[in-house]
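Visitor: Got a structure for you, written out below as structure tokens; questions coming shortly.
Protein chains: 2
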Amino acid sequence: MGKAAVLGAGYMGSAITFPLADNGVKVNLWGTWLDDDILGACKYGQHPKLKKQLPESVSLYNSDRLGDAVKDADIIIIAVTSEGFFSVFNKLLDSIEKEYPIFSFTKGFITHAEKVRRISAGAADIYQQKLPGLNLFWASAGGPVKAVELSNKVPTATVFGINSPEIKGLIEYFPTDYYMISTCNDVKGVELTSAFKNIYAIALGIYDGLYQATEDRIYHNFKALIFNQAIQEMALLVEKAGGKRKTVFDLAGIGDLYVTSSSGRNRRFGEYIGRNVKPEKAYKIMLDDHETAEGYSTLGLGMTFTKQLGEDLIKDLPLLDMLYRIIFLHNNIKDEVTRFIRLYGQMR
Amino acid sequence: MGKAAVLGAGYMGSAITFPLADNGVKVNLWGTWLDDDILGACKYGQHPKLKKQLPESVSLYNSDRLGDAVKDADIIIIAVTSEGFFSVFNKLLDSIEKEYPIFSFTKGFITHAEKVRRISAGAADIYQQKLPGLNLFWASAGGPVKAVELSNKVPTATVFGINSPEIKGLIEYFPTDYYMISTCNDVKGVELTSAFKNIYAIALGIYDGLYQATEDRIYHNFKALIFNQAIQEMALLVEKAGGKRKTVFDLAGIGDLYVTSSSGRNRRFGEYIGRNVKPEKAYKIMLDDHETAEGYSTLGLGMTFTKQLGEDLIKDLPLLDMLYRIIFLHNNIKDEVTRFIRLYGQMR
């Protein structure tokens with residue numbers, strides 16, 4: 001096996017080093033300028049987020065050594081936040097002069113050329129500008145993967161959407177007996193589903209927060225309705241954006257929404273809102289607790305992306321509309337839930 | 349609105365009287381020979397399973413008065429267990445001489461003419477024998493509906509698979525602001541998904557029981573893998589049986605498995621097994637607690653049904669195979685989980 005450079009030493013970038021190391025891949029883990037403290041802690045013991053030591057074969061590279069980290073790599077894995085993607089990707093392109101296959105674990109949208117874009121679409125634009133004539137071999141990861149669990153070697157399935165058969169062989173770097181990889185050629189579908197599921201997970205959280213706070217009754221029927229509606233809306237969004245519905249109806253959609261709505265930061269953000277905490281305040285409380293609810297900014301960008309697909313599309317997406325109206329327009333939650341149920345009933 | 353006869357006064361038969369009554373439908377609720385005590389309790393107060401009074405417009409009919417209960421009905425709703433379906437349906441056909449549209453809420457399989465059949469397929473055979481020349485207008489209900497929650501008027505979505513456009517108008521009897529009805533023409537898909545989801549819900553229970561008992565760690569990734577795999581296997585089963593995959597990828601599959609695996613009897617049955625209680629004993633403990641884990645017998649019948657579809661089909665259904673090997677072959681749970689993970693990994 002060869003060598004991988006992993007960019008981003010947060011949860012996911014660090015967790016992916018475990019299956020890579022188990023496969024005998026040498027790993028250079030590069031931390032962004034926000035990750036220097038993490039790397040510092042790793043040098044003296046445990047990764048502070050994963051709460052465990054990284055594999056011995058992982059070499060650590062501080063933020064000023066990106067060029068060294070990627071120089072000999074056969075594959076570059078990007079696992080920074082969507083907010084950090086652009087600056088890291090630009091810095092990367094300034095450090096390389098040949099083609100490197102890029103596997104992206106970043107989820108969300110980016111704003112580029114005054115539009116909200118899928119990450120790989122924005123990346124392709126810059127790539128062509130900076131490295132004209134070179135091919136961008138790209139894979140986007142999706143599916144139900146909590147990083148801590150992956151580092152605990154809990155059985156985990158994931159899907160890589162790859163843009164080119166040339167890089168299919170590199171998939172071999174990843175699978176272990178606990179990390180099972182599927183591939184498809186629907187980069188758009190994997191990327192969009194991974195981004196939108198962080199938005200829709202908020203909805204499940206809102207209902208739990210709302211009903212826990214106000215009513216002492218079970219409401220699994222309603223949660224199942226919401227869960228299913230989230231899947232249907234993601235399938236429509238992906239289809240309208242040129243991806244494949246079946247990507248949503250598999251690990252990237254069903255699997256990932258299941259895990260993201262069962263636990264996690266976006267779900268927790270939704271629970272605060274359901275308990276009538278203002279979105280800005282909920283986001284702040286979590287930040288103070290060193291947790292970023294990525295679904296919050298993704299909802300804002302996702303709504304713009306949706307409008308770019310078609311001004312009227314939102315009419316067929318009452319759950320997304322509800323989230324936006326609650327979180328960005330600050331409408332009354334109960335009114336919006338009632339409105340959603342009415343719109344949902346009318347769509348039958 | 350007209351009149352509906354509901355056969356079966358258990359959870360679902362009684363719960364469906366709430367939306368019907370709210371729509372002004374007169375309801376005759378007939379109890380089977382097992383339901384006489386339930387009806388007795390209802391006459392003096394609350395329904396003992398739903399823990400509330402039935403709507404005032406509901407008339408109660410004891411088991412000896414099936415003919416009277418259905419005589420003036422515009423629609424007959426069957427909501428007995430799959431075990432009780434045949435005797436009730438035979439008794440019904442002996443009581444009627446004209447066409448009645450039949451809406452079935454019974455979920456599972458029946459054994460008929462030495463084969464395991466879908467309920468509507470077995471029903472159609474008997475119907476043709478007993479009422480030759482008459483049409484069987486049929487709808488099968490699916491989707492995420494816990495009966496108690498429906499009677500609590502929690503927002504609930506359901507799907508009716510209907511075999512004939514003639515009965516589409518009768519759907520009007522059902523929808524309320526809390527009970528939202530979709531329709532499709534895929535009776536097979538709705539029926540099979542409703543049956544198999546009770547089987548697959550056991551798997552989620554098994555993992556919770558297993559890991560709760562033996563390991564102090566989170567494993568959402570694995571549960572999401574299982575949940576998604578259950579959906580994929582149901583889609584394959586439905587397709588092989590001549591139904592539509594898209595039925596599984598909607599309320600009947602995604603929605604109903606979500607609710608059934610979040611809580612409920614089949615899930616609870618699985619938890620016992622995960623904690624190493626023998627299946628027969630787990631079933632017995634629950635029976636003593638007046639709960640039937642329908643998924644247990646449905647698994648046995650479902651496996652036969654699967655083999656009827658193709659002897660080799662089970663190779664593509666490692667999760668179903670695992671359940672059968674644990675519950676009917678009494679294999680070691682951990683060995684079977686390991687085997688499933690290996691087979692799953694090989695399928696990628």
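Those sequence lines, one after another, are chains A and B.
Each residue of the first sequence is one higher than the last, beginning at 1 in the numbering used here.
Each residue of the second sequence is one higher than the last, beginning at 349 in the numbering used here.
Yeah, the Cβ is synthetic: ideal placement off N, Cα and C, and Gly gets one too.
1) For Arg690(B), which three-state DSSP category applies?
2) Excluding sequence positions up to five away, which residues of its chain have a Cβ less than 6 Å from the Cβ of Ser542(B)?
3) Are Val6(A) and Ser14(A) close, meaning C-beta to C-beta below 9 Å?
4) Measure the beta-carbon distance from Leu605(B) to Ile579(B) and round it to whole angstroms, keeping in mind my assumption that it falls under 8 Å.
5) In the DSSP assignment, what are the bridge partners of Ala471(B)?
6) Taking Lys588(B) as the reference, which of Thr654(B), Asn546(B), Leu691(B) and Ser645(B) has the closest Cα?
7) Report the CB separation of Val538(B) from Ser488(B) in whole angstroms; it is logged as a contact under 8 Å.
8) What is the DSSP secondary structure of Leu479(B), counted as helix, strand or coil?
9) Assuming contact is defined by CB atoms lying nearer than 9 Å, are Ile254(A) and Asn569(B) in contact in what I supplied?
10) For Gly648(B), which residues in the same chain have their Cβ closer than 7 Å to its Cβ, ignoring the five residues on either side in sequence?
11) Does Met528(B) have its Cβ less than 9 Å from a Cβ in chain A?
12) Which whole-angstrom value is the C-beta distance of Ile450(B) and Ile458(B), which I expect to be below 8 Å?
13) Using a Cβ-Cβ cut-off of less than 9 Å, list which residues of the segment 544-570 of chain B approach chain A; keep chain order.
14) Can you tell me the Cβ-Cβ gap for Val375(B) and Ser405(B), rounded? I've got them flagged as a contact below 8 Å.
15) Under a three-way DSSP split, which group does His220(A) fall into?
16) Starting from Gly270(A), trace the alpha helix (DSSP H) both ways and give me its first and last residue.
17) Is there a C-beta anywhere in chain A that falls below 9 Å from the one on Tyr606(B)?
18) Within 10 Å of its beta-carbon, does Asn483(B) have 16 or more other beta-carbons around it, so buried, or fewer, so exposed?
19) For chain A, find out if any of its Cβ atoms is closer than 9 Å to the Cβ of Leu398(B); answer yes or no.
20) Considering only residues of the same chain and omitting the five flanking positions on each side of Gln656(B), which have a CB-CB separation below 8 Å?
21) For Met528(B), which option in Arg348(A), Met1(A) and Ala9(A) has the closest C-alpha, if you only look at C-alpha atoms?
22) Going by beta-carbon coordinates alone, are Thr608(B) and Asn546(B) separated by less than 9 Å?
23) Would you kindly work out how many angstroms separate the C-alpha atoms of Lys168(A) and Ile162(A), rounded to a whole number?
24) Could you have a look at Phe453(B) and say whether DSSP puts it in helix, strand or coil?
25) Which full runs of the beta strand (DSSP E) of 3+ residues lie inside the segment 527-562 of chain B, going along the chain?
26) Mapping the DSSP letters down to three states, classify Thr392(B) as helix, strand or coil.
27) Chain A partners of Ile681(B), CB-CB under 8 Å?
28) Within the 9 Å Cβ cut-off, does Lys244(A) reach chain B?
29) Taking 8 Å as the cut-off, does the segment 148-159 of chain A touch the segment 124-135 of chain A (at least 3 CB pairs, one atom from each stretch)?
30) What does Tyr409(B) pair with, by DSSP beta-bridge criteria?
31) Am I right that Ser82(A) and Glu294(A) are in contact with their C-beta atoms under 8 Å? What's the rounded C-beta distance?
32) Looking at Tyr61(A) and Ala147(A), is the spacing between their C-beta atoms short of 9 Å?
33) Does Glu639(B) come within less than 9 Å of chain A when only Cβ atoms are used?
34) From Lys52(A), Gly2(A), Leu192(A) and Lys91(A), pick the residue whose C-alpha is nearest to that of Lys244(A); which is it?
35) Taking 9 Å as the threshold (beta carbon to beta carbon), is Val496(B) in contact with chain A?
36) Please list, in chain order, the residues of the segment 466-494 of chain B that have any C-beta partner in chain A closer than 9 Å.
Guide: Inspection of the coordinates gives the following:
1) Indexing the second sequence from 1 puts residue 690(B) at position 342. Helix.
2) Translated into the one-based positions of the second sequence, residue 542(B) becomes position 194. Answer for Ser542(B): Lys455 and Gly490, listed in chain order.
3) In the first sequence, counting from the first residue as 1, residue 6(A) sits at position 6. In the first sequence, counting from the first residue as 1, residue 14(A) sits at position 14. A contact, by the Cβ cut-off of 9 Å.
4) For the purposes of this step, residue 605(B) is taken as the residue at position 257 of the second sequence. For the purposes of this step, residue 579(B) is taken as the residue at position 231 of the second sequence. Taking C-beta atoms under 8 Å as the contact rule, Leu605(B) and Ile579(B) qualify, at a distance of about 6 Å.
5) By one-based count along the second sequence, residue 471(B) stands at place 123. Ala471(B) pairs with nothing; no bridge assigned.
6) What you label residue 588(B) is simply residue 240 of the second sequence in a count that begins at 1. Distance check between Lys588(B) and each of Thr654(B), Asn546(B), Leu691(B) and Ser645(B) places Thr654(B) closest, using alpha-carbon atoms only.
7) Locating residue 538(B) in the second sequence gives position 190, counting from the first residue. Locating residue 488(B) in the second sequence gives position 140, counting from the first residue. About 5 Å separates the Cβ atoms of Val538(B) and Ser488(B), confirming a contact at the 8 Å cut-off.
8) Your numbering for residue 479(B) matches position 131 in the second sequence. Note: Leu479(B) maps to coil in three-state DSSP.
9) Within the first sequence, numbered from 1, the residue matching residue 254(A) stands at position 254. Within the second sequence, numbered from 1, the residue matching residue 569(B) stands at position 221. With respect to Asn569(B), Ile254(A) sits apart: the two C-beta atoms are not nearer than 9 Å.
10) Numbered from its first residue, the second sequence carries residue 648(B) at position 300. The beta carbon of Gly648(B) sits closer than 7 Å to the beta carbons of Phe676 from its chain, once the five residues preceding and following it are set aside; these are given in chain order.
11) Stepping through the second sequence from its first residue, residue 528(B) is reached at position 180. Output row for Met528(B): interface = yes.
12) As a position in the second sequence, residue 450(B) is number 102, starting the count at 1. As a position in the second sequence, residue 458(B) is number 110, starting the count at 1. Separation of the CB atoms of Ile450(B) and Ile458(B) is rounded to 15 Å, and the pair is thereby denied contact status at 8 Å.
13) So the list reads Arg565, Ile566, Tyr567, His568, Asn569 and Phe570, given in the order they occur along the chain.
14) Along the second sequence, one-based indexing puts residue 375(B) at 27. Along the second sequence, one-based indexing puts residue 405(B) at 57. Correct: roughly 6 Å between the Cβ atoms.
15) Sequence index remark: in the first sequence, residue 220(A) carries index 220 (1-based). Note: His220(A) maps to helix in three-state DSSP.
16) If you number the first sequence from 1, residue 270(A) lands on position 270. Gly270(A) -> alpha helix (DSSP H) spans Arg265 to Gly274.
17) Taking the second sequence and counting its residues from 1, one reaches residue 606(B) at position 258. Yes, contact with chain A.
18) Taking the first residue of the second sequence as position 1, residue 483(B) is located at position 135. Label assigned to Asn483(B): exposed.
19) Your numbering for residue 398(B) matches position 50 in the second sequence. Nearest CB-CB separation between Leu398(B) and chain A: not below the 9 Å threshold.
20) As a first step, residue 656(B) must be located in the second sequence, where it is residue number 308. Only residues of its own chain outside the window of five on either side were considered, and among them Lys463 and Val464 have a CB closer than 8 Å to the CB of Gln656(B), listed in chain order.
21) Indexing the second sequence from 1 puts residue 528(B) at position 180. Per the Cα distances, Arg348(A).
22) Reading the second sequence from its first residue, position 260 is the one you call residue 608(B). Reading the second sequence from its first residue, position 198 is the one you call residue 546(B). The beta carbons of Thr608(B) and Asn546(B) sit closer together than 9 Å.
23) Counted from its first residue, the first sequence places residue 168(A) at position 168. Counted from its first residue, the first sequence places residue 162(A) at position 162. Pairing Lys168(A) with Ile162(A), the inter-Cα distance amounts to about 8 Å.
24) Along the second sequence, read from residue 1 onward, the residue named residue 453(B) stands at position 105. DSSP, read as helix, strand or coil, puts Phe453(B) in coil.
25) Runs of the beta strand (DSSP E) inside the segment 527-562 of chain B: 527-532.
26) For the purposes of this step, residue 392(B) is taken as residue 44 along the second sequence, with counting starting at 1. Inspection of the sequence shows that residue 392(B) is occupied by Tyr rather than by Thr. DSSP places Tyr392(B) in coil when its eight states are reduced to three.
27) The residue labelled residue 681(B) in the question sits at position 333 within the second sequence. In chain order: nothing, as chain A lies at least about 14 Å away.
28) By one-based count along the first sequence, residue 244(A) stands at place 244. For Lys244(A), the closest Cβ of chain B is not nearer than 9 Å.
29) Too few Cβ pairs lie closer than 8 Å, so no.
30) Your numbering for residue 409(B) matches position 61 in the second sequence. Residue pairing for Tyr409(B): DSSP places it in a beta bridge opposite Trp378(B).
31) One-based indexing of the first sequence puts residue 82(A) at position 82. One-based indexing of the first sequence puts residue 294(A) at position 294. Going by Cβ atoms, the distance from Ser82(A) to Glu294(A) rounds to 7 Å, so yes, they are a contact pair.
32) Counted from its first residue, the first sequence places residue 147(A) at position 147. Counted from its first residue, the first sequence places residue 61(A) at position 61. No, Cβ-Cβ distance for Ala147(A) and Tyr61(A) is not below 9 Å.
33) In the second sequence, residue 639(B) corresponds to position 291, counting from 1. At a cut-off of 9 Å, the C-beta of Glu639(B) has no neighbouring C-beta in chain A.
34) Start at 1 with the first residue of the first sequence, and residue 244(A) comes out as number 244. Considering only alpha carbons, the answer is Leu192(A).
35) Taking the second sequence and counting its residues from 1, the one referred to as residue 496(B) is at position 148. Judged by the 9 Å Cβ criterion, Val496(B) is in contact with chain A.
36) Within the segment 466-494 of chain B, Gly491, Pro492, Val493 and Lys494 place their CB atoms closer than 9 Å to a CB of chain A, listed in sequence order.
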